[in-house]
Amino acid sequence: MMKPIIALILTALSLSDAFLPSGSSTRLSSSVIRHQTPLPSSIGSSESESPRTLIRKGMQSFRDGDVSASLEYFDRADNAVDDGSLKPYLWQRGISYYYLDQFRKGSDQFRLDVSVNPLDVEEIVWDIACLARIDPQSFPQPKQMTLPAGKKDRRKIMSTVYSLFRGDGATERDLAEAGHTGNITDEFYSLFYLGLYCEIRGENAKAETYMKAAAANKYATGPGAGDYMTSCAKVHCKLRGWA
404 MMKPIIALIL
414 TALSLSDAFL
424 PSGSSTRLSS
434 SVIRHQTPLP
444 SSIGSSESES
454 PRTLIRKGMQ
464 SFRDGDVSAS
474 LEYFDRADNA
484 VDDGSLKPYL
494 WQRGISYYYL
504 DQFRKGSDQF
514 RLDVSVNPLD
524 VEEIVWDIAC
534 LARIDPQSFP
544 QPKQMTLPAG
554 KKDRRKIMST
564 VYSLFRGDGA
574 TERDLAEAGH
584 TGNITDEFYS
594 LFYLGLYCEI
604 RGENAKAETY
614 MKAAAANKYA
624 TGPGAGDYMT
634 SCAKVHCKLR
644 GWA
């Protein structure tokens with residue numbers, strides 16, 4: 404039987420100071436699904452072009468790999484609400500901005516999201532990723548967003564992701580080990596965020612290895628196939644020519 408990808412990575416770590424060889428190219432539990440802040444109750448109707456419908460169409464366009472179309476749908480959803488109350492809930496638009504290389508807009512979107520949901524680690528991490536793509540020399544930044552004092556993500560894997568991206572002590576190996584629990588969801592999120600982390604550091608060979616493994620992970624291809632972040636892994640590979 405083949406070893407899980409995380410086990411192979413950790414084996415490689417034990418054999419070499421380099422993390423990887425150079426040139427290497429049912430129902431979901433609420434505790435493991437990426438947090439999605441509920442939309443305001445005033446958003447949505449039965450109309451075919453309601454904001455909720457437009458968001459769903461945008462998400463599907465993204466899953467189909469048409470990121471430009473997804474952004475158009477998210478913008479239309481935003482514009483359909485006159486008072487601007489939808490803006491801080493469009494985290495999906497922030498991800499589309501990232502993949503369209505509109506990193507400043509992505510950062511602005513994620514910071515709006517955190518203003519209404521300050522406990523969302525992934526919003527903070529994506530903002531850090533956007534800022535790093537704007538100015539790679541500034542990663543990690545001393546003035547990055549942070550969780551409220553005394554708060555942390557209850558998912559161990561996300562606590563490690565948060566620490567790694569903020570430069571607070573966790574290492575690449577720590578995140579690999581955090582994903583080596585026998586839990587396919589932990590393995591997916593470990594691989595996915597290792598891929599994103601390596602990409603913003605310009606380590607593209609490792610980023611490709613991690614992200615392809617994330618897209619092929621049993622969670623991504625099985626019970627987590629409906630998770631937007633597993634779709635993100637697959638789209639990431641497609642856009643980078645790794646599929």
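If you use the working numbering, the sequence shown corresponds to residues 404 to 646, in order.
Positions of the beta carbon are idealized from the N, C-alpha and C atoms, including for glycine.
None of these values were measured; they are calculated from a predicted model.
{"Item": "Nonlocal neighbours in the same chain, by C-beta distance under 6 Å from Thr535, ignoring five residues either side", "Value": "According to the sequence as given, residue 535 is Ala; it is not Thr. Once the five neighbours on either side are set aside, the close Cβ partners of Ala535 are Phe542 and Ile603."}
{"Item": "Buried versus exposed, by CB contacts within 10 Å (16 or more), Arg459", "Value": "exposed"}
{"Item": "Cβ distance (whole Å) where Thr563 is taken to contact Ala573 below 8 Å", "Value": "5 Å"}
{"Item": "Which of helix, strand or coil DSSP assigns to Asp486", "Value": "coil"}
{"Item": "contact_flag[the region 521 to 530, the region 494 to 512] where n(CB pairs < 8 Å) is 3 or more", "Value": "yes"}
{"Item": "Local Cβ density within 10 Å of Gln512, reported as buried at 16 or more and exposed below that", "Value": "buried"}
{"Item": "Identity of the residue in Tyr492, Val524, Cys533 and Lys490 nearest Leu503 by Cα", "Value": "Cys533"}
{"Item": "Where Met548 sits in the DSSP three-state scheme", "Value": "coil"}
{"Item": "Expected contact under 8 Å - CB spacing of Asp556 and Val524 to nearest Å", "Value": "4 Å"}
{"Item": "Own chain residues within Cβ distance below 8 Å of Gly551, not counting five before or after", "Value": "Residue identity differs from the one stated: residue 551 is Pro in this sequence, not Gly. Answer for Pro551: Pro521 and Leu522, listed in chain order."}
{"Item": "With 16 other Cβ atoms within 10 Å as the buried cut-off, status of Arg704", "Value": "Nothing about residue 704 can be read from this structure; the chain reaches only from 404 to 646."}
{"Item": "Coarse secondary structure for Phe595, derived from DSSP in three states", "Value": "helix"}
{"Item": "Where Leu597 falls, given that 16 or more other Cβ within 10 Å makes a residue buried", "Value": "buried"}
{"Item": "Glu606 - containing alpha helix (DSSP H), residue span", "Value": "That residue, Glu606, is in no alpha helix (DSSP H); it is neither H nor E in DSSP."}
{"Item": "Secondary structure of Arg557, DSSP reduced to three states", "Value": "coil"}
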